[in-house]
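Residue numbers (the numbering used here): 1 to 606.
By construction, the Cβ of each residue, glycine as well, lies at the ideal position given by its N, Cα and C atoms.
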RNA sequence: GCCCUUGUAGCUUAACGGAUAAAGUGCCUGUCUUCGGAACAGGUGAUGGGGGUUCGAUUCCCUCCAAGGGCGCCA
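Next up, the structure:
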């Protein structure tokens with residue numbers, strides 16, 4: 001609708017002799033300002049040397065005339081009349097029929113009101129299409145702030161990337177939540193998506209952990225073998241923290257750790273079996289988390305499969321003058337390009353994180369041929385990725401400009417700082433479990449008669465919804481200040497509130513079981529019209545969220561929809577009126593579809 | 001030292017350069033024995049300071065202040 005209105009305004013402006021301007025039509029926040037609005041008149045004021053109000057009024061009068069001509073379309077004589085008057089009219093007859101009123105507001109806004117019939121049609125469409133409603137018919141291009149081509153059709157989204165032998169903390173949880181939602185939004189916008197996860201399973205962090213396991217009695221892996229996976233992984237986190245602390249304080253430990261690192265790369269039998277065993281522990285644990293939070297991957301990449309080819313590629317680049325030797329190491333001279341220098345191969349001969357990335361990129365391109373690779377990464381990696389993207393572009397010109405760093409903000413503790421190096425971390429699963437406990441408390445207070453299985457499902461899905469929504473409602477690159485006590489909420493703008501609203505809809509629908517939902521041609525009251533209007537906007541909100549890679553836009557929308565439904569529910573009896581039943585069913589469907597795009601699963605009752 | 005990011009009610013967050021800066025939470029006051037109270041309604045309360053560009057600035061530019069991050073052998 002937005003785009004059709006834009007086209008219409010362009011035609012009207014050309015009628016006024018104005019061409020080649022971009023017309024911006026947006027959804028009106030305030031329903032009193034119409035359903036759609038444009039600021040075009042104000043934008044053109046300077047160019048046309050006329051007061052914005054005059055321009056707006058002129059647009060309005062042409063628009064109103066066009067509407068009245070189209071509304072008599074069935075009368076043959078008028079067809080000739082309108083074609084003579086405006087040649088563009090027939091292209092826009094459908095949009096024009098959807099407009100009920102045009103208003104001009106100071107200092108020059110043009111506000112468009114849609115007919116109730118037009119808005120109601122969308123409700124019927126929701127009921128007809130069900131779960132597939134909201135997926136775009138046309139491709140939604142994505143906005144990468146000019147850093148890459150926005151017309152990609154095949155996009156690899158690389159997210160989560162935890163490291164083995166290290167804790168999976170709430171930062172990873174936010175990364176996964178963000179990545180999963182971006183994947184679903186992109187898919188709903190007509191893109192083909194490849195889900196990738198690049199996991200760090202070689203490097204100094206592993207060596208530190210293994211040093212502790214082989215040198216500290218309190219970190220003896222024999223003590224946890226055969227125990228529950230959570231215990232084994234917790235043990236790994238502690239060993240890593242211990243090894244890391246010693247590494248920094250003790251020179252001989254530093255050297256010994258370096259040796260272990262070399263041994264791992266060399267697959268030395270004195271350490272390799274332990275490495276493989278504990279690596280598998282981490283991967284087993286990650287698999288459980290992915291399942292728990294509704295994520296899966298098409299391809300897991302590992303640093304252990306990129307360090308060799310990465311090194312080879314850097315050596316080729318060294319010959320070609322892309323890389324340079326410096327103090328025994330091989331570096332990329334980023335300073336030549338206004339960036340900074342970084343080491344790609346150490347003087348020991350091992351590929352660093354940067355060097356490994358030179359192996360990853362060609363591997364990804366040869367396997368999937370993506371038009372774009374979206375790396376969901378923290379802000380601290382920003383200057384890092386600028387350097388390696390530059391190096392990649394020079395090394396692999398055929399796939400240049402296809403990398404994009406999508407920043408997700410840190411989850412910062414309100415009190416204290418998080419660091420897996422010192423072992424001060426809030427684990428992802430800890431957060432989920434805390435939320436789950438709180439939901440059990442609420443269920444207990446409500447004295448519900450749910451079975452154990454029901455309670456488990458409600459608590460688990462509710463916890464995942466609460467945590468995910470808490471992350472997604474905030475702008476993706478915004479830092480989140482995290483308070484352990486009141487981290488996730490269950491009231492107001494929260495995941496459980498949305499789940500609750502959905503369950504309430506379903507409950508009402510059950511009560512109204514034998515009423516056939518139908519919008520009919522009943523005149524709508526205030527709340528009904530607002531609700532219908534909001535449902536109407538859903539596909540455009542999804543497109544908007546996908547286009548700007550901003551799940552929080554969808555969060556805001558869904559919360560407004562749920563709140564509006566609850567108000568409507570409060571004021572009007574639903575079960576007996578077919579059009580209200582239809583509105584309720586449509587609200588439920590949109591909530592379900594929207595939450596799905598956020599990676600959140602609904603429950604039928606709670 | 002150089003570079004990047006961020007500063008909005010007590011707290012957590014919204015707002016393509018647009019209309020009265022929007023919510024949640026907190027606190028205060030109400031609704032309700034109804035189709036689900038994890039609800040609904042009302043009140044309270046904010047753009048770090050100073051300049052500039054613009055018809056119009058939370059948004060763009062400059063500067064100061066404050067916080068965080070990055071800057072060759074970690075990932």
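- DSSP, read as helix, strand or coil, puts residue 156 in strand.
- Inclusion of residue 517 and residue 581 in the CB contact set at 8 Å is warranted, their separation being smaller than that value.
- Residue 586 sits buried, since 16 or more C-beta atoms from the chains shown fall within 10 Å of its C-beta.
- Residue 170 counts as buried, since no fewer than 16 other beta carbons sit within 10 angstroms of its beta carbon.
- Contact between the region 33-42 and the region 100-114 is established, with three or more Cβ pairs separated by less than 8 Å.
- Comparing alpha-carbon positions, the option among 308, 522, 62 and 448 lying closest to residue 345 turns out to be 308.
- Look at residue 577 here: in three-state DSSP terms it is coil, with no helix or strand label.
- For residue 37, the enclosing beta strand (DSSP E) starts and ends at 36-38.
- If you draw a 10 Å sphere on the C-beta of residue 199, you find 16 or more other C-beta atoms in it, and that means buried.
- For the pair residue 96 and residue 70, the CB atoms are nearer than the 8 Å cut-off.
- For residue 413, the secondary structure class from DSSP, reduced to helix, strand or coil, is strand.
- Going by beta carbons, residue 546 and residue 189 fall inside the 8 Å limit.
- Under the Cβ criterion (8 Å, minimum of three pairs), the region 559-578 counts as touching the region 503-514.
- Apart from sequence neighbours up to five positions away, the residues of its chain that approach residue 25 with a beta-carbon distance below 6 Å are 2, 5, 6, 36 and 38, ordered along the chain.
- Using a Cβ-Cβ distance cut-off of 8 Å, the region 390-401 and the region 309-320 are in contact, since at least three pairs of beta carbons, one from each stretch, lie closer than that value.
- Between residue 152 and residue 371 the beta-carbon gap is near 4 Å, inside 8 Å, which marks them as a contact.
- If you draw a straight line from the Cα of residue 526 to the Cα of residue 595, it is about 26 Å long.
- When C-alpha distances from residue 197 are compared across 253, 339, 183 and 187, the shortest belongs to 183.
- In this structure residue 487 does not touch residue 605 by the C-beta definition: roughly 26 Å separates them, more than the 8 Å allowed.
- Between the C-alpha atoms of residue 326 and residue 544 there is a straight-line separation of about 47 Å.
- Minimum Cα-Cα distance from residue 399 among the listed residues 409, 363 and 480 corresponds to 363.
- Under the three-state reduction of DSSP, residue 92 is assigned to helix.
- Taking the Cα of residue 520 as reference, the smallest distance to any Cα among 579, 252 and 447 is reached at 579.
- Look at the beta carbons and you see the region 116-130 not touching the region 249-256: under three pairs across the two are nearer than 8 Å.
- For residue 246, same chain residues with a beta-carbon under 6 Å away, outside a window of 5 residues either side, are 253 in chain order.
- Cα atoms of residue 533 and residue 119: separation of roughly 6 Å, rounded to the nearest angstrom.
- Taking the CA atoms as reference points, residue 388 sits about 8 Å from residue 357.
- Secondary structure of residue 325 (DSSP, three-state): strand.
- In chain order, 178, 181, 182, 185, 472, 476, 545, 597 and 598 place their CB closer than 8 Å to the CB of residue 551, counting only its own chain and leaving out the 5 sequence neighbours on each side.
- The region 312-382 is shown to contain whole beta strand (DSSP E) runs of 3 or more residues at 324-326, 329-332, 342-345 and 372-377, in chain order.
- About 4 Å separates the beta carbons of residue 463 and residue 436, which is inside the 8 Å limit, making them a contact pair.
- Only exposed fits residue 273, as fewer than 16 other CB atoms lie within 10 angstroms of its CB.
- If you check the CB distance, residue 339 and residue 306 do not come in under 8 Å.
- Residue environment analysis places residue 16 among the exposed positions, since fewer than 16 neighbouring C-beta atoms fall within 10 angstroms of its C-beta.
- Taking C-alpha positions only, residue 467 is separated from residue 480 by approximately 12 Å.
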